[in-house]
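Protein chains in written order, with our numbering: chain A, 40 to 341; chain Z, 250 to 442. Built from N, CA and C at the ideal position, the CB exists for glycine as well. Reviewing the structure listed below.
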Amino acid sequence: MAKSLEPTPKHLYLSRRALLSGLAAAGSMVATGALVHLGFSRRRAVGARPRVAGATPWEDVTTYNNFYEFGTDKYSPAQRAGSLRTRPWTLSVEGAVRRPRVWDLDTLLASVTLEDRLYRFRCVEGWSMVIPWRGFELGAFLARHDPTSAAKFVELVTLHDPEQMPNQRTDVLDWPYVEGLRIDEARHRLAILAVGLYGDSLPKQNGAPIRLVVPWKYGFKSVKSVVRIRLLEERPRTTWEAAAPDEYGFYANVNPAVPHPRWSQAKERRIGELGKRDTVLFNGYGDEVASLYAGMDLRKDF
Amino acid sequence: MGVRFWQGVAIVDGLIPAAMLGYWALTDQMGANPVDFFTRASGELTMIFLLLSLAVTPLRRLTGYAPFAKFRRIVGLLAFFYACLHFLAWLCLDKFFALGEMAQDVVARPFITVGFAAFALMVPMAVTSTQGWIRRLGGKRWSRIHRRVYAVGILAVLHFALLVKADLRLPILYGAVLGVLLLARLTRMAARQ
């Protein structure tokens, strides 16, 4: 009888079972590690930018973003905003103005003087950054269109194109994203339209090619990738206010004394720091902007 | 290989996420906001192990493979382990041991009320998870304590749903899995009556 037809000796049979079990165990560990990596790992941007003194590192500013058009977690915009086409780009200024205009962005950029502004940025979620923007004042830009006396509010609207902004296919927010300011807020010299960051053009995940920056208000007011500015007599219906009116007010001034209904606003974590800082009224710009709100109850008009 | 070997594998597998979190923390791979990252990751891992622990019994019934029961305690304790990490992140890195502030939050902020209640309910389950406690309490009283895991699951999903700003998809996904696991038990109860 051929030797190969004999049953496998018991000790060999057992060691084969041990081998298979060991392989299965190792496989389960590799699979677990891979799943955890897939589900949780977060990568920062590569390619360093020179530091700007006092500013949050470039790799944090450009990878930790709320830009729901590209996904609701903060790392999605940096990964998914590549589909946004920032040229050609038009920005229309319309509504209660005597000189409405549809701007080609490059024409617009050739007509303004850009300046660098290092601003604190406070998110309604309780974190903050210091960001070196490059841009121009919104107020002076609006003045060029000769607003009428009916212009009491300014509405700014983000591009609405699910082809370029894939998360607009979901209904997590009512697209397009709309934000607004009272005309005197929009005319304040601290309110800017930013087209750059860290001395370079604006990365897509940060709201390229042009966005609003209002440093004394929570970050969601600073609408990104703007295609339309409309001057209005009535207060515009803004996106987050419409989504949850008891949580996100029209004014949304940074205010440690007015908690979000679900969390306190008394403190903030500055990105890059482990501890928390006390949040300051108007994000520390009170000397410049507090007079805009004289006589208003900031608890009611939060 | 016996059940003990596979129990050991389950424990190692269950601790791999914690090891990876530790490695990422030490090598600065937690992104721009490491505290937020750790808090979210430990919270989601709690949810995942909680759902896995609830899946053990339905899986055992479905497959008829009795040894599954030997993994229920391990998976449950892993859920509690991640819940502890999640709680510690809140205590040490969000509230910096400000116990008064934490008590206020538990009272005033529904998502914290719910999350804290879920954690508090898990503690007696973890404590009485040993053979000795099963003997001391007797099967009936012991199972009464451990049936609270259903409440913990519901509270955990609610905790997650209450804290998101607009995107409810992930809480809904966890809620749906929980719903299936609870339904599996309800249909069985109904069939027995």
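Suppose you measure from the CA of VAL328 of chain A to the CA of ILE170 of chain A; what does that come to, to the nearest Å? By 1-based counting over the first sequence, the position of residue 328 of chain A is 289. By 1-based counting over the first sequence, the position of residue 170 of chain A is 131. Cα atoms of VAL328 of chain A and ILE170 of chain A: separation of roughly 19 Å, rounded to the nearest angstrom.
- Task: Could you check the C-alpha separation between ILE260 of chain Z and LYS306 of chain A for me, to the nearest Å?
- Result: For this step, residue 260 of chain Z is matched to residue 11 along the second sequence. For this step, residue 306 of chain A is matched to residue 267 along the first sequence. Approximately 39 Å, taken between the alpha carbons.
Item to complete: Mind checking who ALA233 of chain A pairs with in its DSSP beta bridge?
Response: Within the first sequence, the letter at position 194 stands for residue 233 of chain A. Here ALA233 of chain A is bridged, per DSSP, to A:GLY174, A:ARG250.
Practice prompt. Sort out for me which residues DSSP pairs LEU270 of chain A with in a bridge.
Written response: The count along the first sequence starts at 1 and reaches residue 270 of chain A at position 231. Answer is A:GLY134, A:VAL193, bridged to LEU270 of chain A.
So GLU218 of chain A and THR277 of chain A are supposed to be a Cβ contact under 8 Å. How far apart are they, rounded?
Your numbering for residue 218 of chain A matches position 179 in the first sequence. Your numbering for residue 277 of chain A matches position 238 in the first sequence. Taking the Cβ atoms as the reference, GLU218 of chain A lies roughly 5 Å from THR277 of chain A, within the contact range of under 8 Å.
key: Residue ranges of each beta strand (DSSP E) within the stretch 124-168 of chain A, 3 or longer   = Segments of the beta strand (DSSP E) lying fully in the stretch 124-168 of chain A: 129-134, 140-143, 154-161.
With the cut-off set at 8 Å, would you say LYS339 of chain A and ASN292 of chain A are in Cβ contact?
On the first sequence, residue 339 of chain A is found 300 positions in, with the first residue counted as 1. On the first sequence, residue 292 of chain A is found 253 positions in, with the first residue counted as 1. One thing to note: LYS339 of chain A has its Cβ no nearer than 8 Å to the Cβ of ASN292 of chain A.
Check: Whose C-beta lies closer than 8 Å to the C-beta of VAL355 of chain Z among residues of the same chain, with five residues either side of it excluded?
Finding: The residue labelled residue 355 of chain Z in the question sits at position 106 within the second sequence. Result list for VAL355 of chain Z: ILE361, THR362, PHE365, in chain order.
Please report the residue range of the alpha helix (DSSP H) in which GLU350 of chain Z lies. Numbered from 1 along the second sequence, position 101 holds the residue referred to as residue 350 of chain Z. Counting along the chain, the alpha helix (DSSP H) containing GLU350 of chain Z begins and ends at 348-357.
| Neighbouring residues, chain Z, relative to MET68 of chain A (Cβ below 8 Å) | By one-based count along the first sequence, residue 68 of chain A stands at place 29. From the beta-carbon of MET68 of chain A, the residues of chain Z found nearer than 8 Å are VAL258, VAL261, ASP262, ILE265.
*Measuring alpha carbon to alpha carbon, tell me which of A:VAL266, A:LEU229, A:PRO205 ends up nearest ARG119 of chain A.*
By one-based count along the first sequence, residue 119 of chain A stands at place 80. Looking from the CA of ARG119 of chain A, the closest CA among A:VAL266, A:LEU229, A:PRO205 belongs to A:PRO205.
- Beta-carbon proximity list for ARG90 of chain A, same chain, < 6 Å, skipping 5 on both sides: For this step, residue 90 of chain A is matched to residue 51 along the first sequence. Residues of the same chain with their beta carbon placed closer than 6 Å to that of ARG90 of chain A are lacking, with the five preceding and five following residues left out of the count.
Original post:
At what residues does the beta strand (DSSP E) containing LYS306 of chain A begin and finish?
Top reply: Within the first sequence, numbered from 1, the residue matching residue 306 of chain A stands at position 267. For LYS306 of chain A, the enclosing beta strand (DSSP E) covers residues 306-309.
query = From PHE175 of chain A to LEU153 of chain A, what distance separates their C-alpha atoms?
reply = Taking the first sequence and counting its residues from 1, one reaches residue 175 of chain A at position 136. Taking the first sequence and counting its residues from 1, one reaches residue 153 of chain A at position 114. Going by the C-alpha atoms only, they are around 5 Å apart.
Residues near PHE317 of chain Z by beta carbon distance below 7 Å, same chain, minus five either side = Here residue 317 of chain Z refers to the residue found at position 68 when the second sequence is read from its first residue. Excluding positions up to five away in sequence, the list reads VAL305, LEU308, ARG309.
* Asked: Is the Cβ of GLY280 of chain Z closer than 8 Å to any Cβ of chain A?
  -> As a first step, residue 280 of chain Z is located in the second sequence; it is residue number 31 there, counting from the start. Yes, GLY280 of chain Z lies at the interface with chain A (some Cβ there is under 8 Å from its Cβ).
Rounded separation between ALA281 of chain Z and LEU157 of chain A - CA only
Taking the first residue of the second sequence as position 1, residue 281 of chain Z is located at position 32. Taking the first residue of the first sequence as position 1, residue 157 of chain A is located at position 118. When the Cα atoms are used, ALA281 of chain Z and LEU157 of chain A turn out to be separated by approximately 19 Å.
Using a C-beta cutoff of 8 Å, does GLY309 of chain Z count as contacting chain A? Residue 309 of chain Z sits at position 60 when you count from the first residue of the second sequence. Before going further, note that residue 309 of chain Z is Arg rather than Gly in the sequence given. No, ARG309 of chain Z lies away from the interface with chain A (no Cβ there is under 8 Å from its Cβ).
Exercise. Measure the Cβ-Cβ separation of SER291 of chain Z and LEU334 of chain Z and say whether it is below 8 Å.
Key: Here residue 291 of chain Z corresponds to residue number 42 of the second sequence, with the count starting at 1. Here residue 334 of chain Z corresponds to residue number 85 of the second sequence, with the count starting at 1. Taking 8 Å as the cut-off, the Cβ atoms of SER291 of chain Z and LEU334 of chain Z count as close.
The alpha helix (DSSP H) with GLU280 of chain A in it runs from where to where?
To locate residue 280 of chain A, count along the first sequence from 1; it is residue 241. Where GLU280 of chain A is concerned, the enclosing alpha helix (DSSP H) starts and stops at 278-282.
query = Is DSSP giving SER240 of chain A helix, strand or coil here?
reply = For the purposes of this step, residue 240 of chain A is taken as the residue at position 201 of the first sequence. Shown here, SER240 of chain A sits in a strand according to DSSP, grouped into three states.
Residues in the stretch 355-366 of chain Z with C-beta within 8 Å of chain A's C-beta atoms, listed in sequence order?
-> Taking 8 Å as the Cβ-Cβ cut-off, the stretch 355-366 of chain Z approaches chain A at ARG358, PRO359, PHE360, given in chain order.
**Prompt:** Listing by chain order, which chain A residues have their CB less than 8 Å from the CB of VAL284 of chain Z?
**Reply:** Taking the second sequence and counting its residues from 1, one reaches residue 284 of chain Z at position 35. Residues of chain A passing the Cβ test: ARG308, LEU313.
For VAL372 of chain Z, does the count of other Cβ atoms within 10 angstroms reach 16, so buried, or fall short, so exposed?
-> Along the second sequence, read from residue 1 onward, the residue named residue 372 of chain Z stands at position 123. VAL372 of chain Z should be labelled exposed.
(message) Please report the straight-line C-alpha distance between THR101 of chain A and THR71 of chain A, rounded to a whole angstrom.
(response) Here the question's residue 101 of chain A lines up with position 62 in the first sequence. Here the question's residue 71 of chain A lines up with position 32 in the first sequence. Taking C-alpha positions only, THR101 of chain A is separated from THR71 of chain A by approximately 30 Å.
### Message
Judging by CA-CA distance, which residue of A:CYS162, A:MET68, A:PRO48, A:ASP155 is the nearest neighbour of VAL262 of chain A?
### Response
Locating residue 262 of chain A in the first sequence gives position 223, counting from the first residue. Measuring from the Cα of VAL262 of chain A, the nearest candidate turns out to be A:CYS162.
Over the uninterrupted beta strand (DSSP E) stretch that includes GLU98 of chain A, give me the two end residues. Working through the first sequence from its first residue, we reach residue 98 of chain A at position 59. Not the beta strand (DSSP E): GLU98 of chain A falls in the alpha helix (DSSP H), residues 97-100.
Strictly below 7 Å CB to CB, what residues from chain A border PHE287 of chain Z?
Taking the second sequence and counting its residues from 1, one reaches residue 287 of chain Z at position 38. Against PHE287 of chain Z, chain A offers no close residue; the least beta-carbon distance is about 10 Å (beta-carbon pairs closer than 7 Å).
Discussion item. For VAL401 of chain Z, count the other beta carbons within 10 Å of its own beta carbon; 16 or more makes it buried, fewer makes it exposed. Which is it?
Written reply: Translated into the one-based positions of the second sequence, residue 401 of chain Z becomes position 152. Counting Cβ neighbours within 10 Å, VAL401 of chain Z comes out buried, since at least 16 surround it.
Give the straight-line distance between the Cα atoms of MET40 of chain A and ASP262 of chain Z, rounded to the nearest whole angstrom.
Working through the first sequence from its first residue, we reach residue 40 of chain A at position 1. Working through the second sequence from its first residue, we reach residue 262 of chain Z at position 13. Residue confidence for MET40 of chain A is low, a pLDDT of 47 falling below 50, so the modelled location carries little weight and cannot support an answer.
* To do: Measure the beta-carbon distance from LEU270 of chain A to ALA190 of chain A and round it to whole angstroms, keeping in mind my assumption that it falls under 8 Å.
  => Taking the first residue of the first sequence as position 1, residue 270 of chain A is located at position 231. Taking the first residue of the first sequence as position 1, residue 190 of chain A is located at position 151. At roughly 4 Å, the Cβ-Cβ gap stays under 8 Å, so LEU270 of chain A and ALA190 of chain A are in contact.
Provide the residue(s) that pair with HIS50 of chain A in DSSP beta bridges, ordered along the chain. Position 11 of the first sequence, counted from the first residue, corresponds to residue 50 of chain A. Per DSSP, none; premise fails for HIS50 of chain A.
Rounded to a whole number of angstroms, what is the C-alpha to C-alpha distance between LEU407 of chain Z and PRO420 of chain Z?
Mapped onto the second sequence, residue 407 of chain Z falls at position 158. Mapped onto the second sequence, residue 420 of chain Z falls at position 171. Between the alpha carbons of LEU407 of chain Z and PRO420 of chain Z lies a distance of about 8 Å.
Quick check on the burial criterion: 16 or more other C-beta atoms within 10 angstroms. Buried or exposed for GLU273 of chain A?
Counted from its first residue, the first sequence places residue 273 of chain A at position 234. When all chains shown are included, GLU273 of chain A counts as exposed.
What are the boundary residues of the alpha helix (DSSP H) that includes GLY257 of chain Z?
Residue 257 of chain Z sits at position 8 when you count from the first residue of the second sequence. Membership of GLY257 of chain Z in the alpha helix (DSSP H) is indicated by the continuous run 252-275.
Original post:
Using a beta-carbon distance below 8 Å, is PHE79 of chain A in contact with chain Z?
Top reply: Stepping through the first sequence from its first residue, residue 79 of chain A is reached at position 40. PHE79 of chain A counts as touching chain Z.
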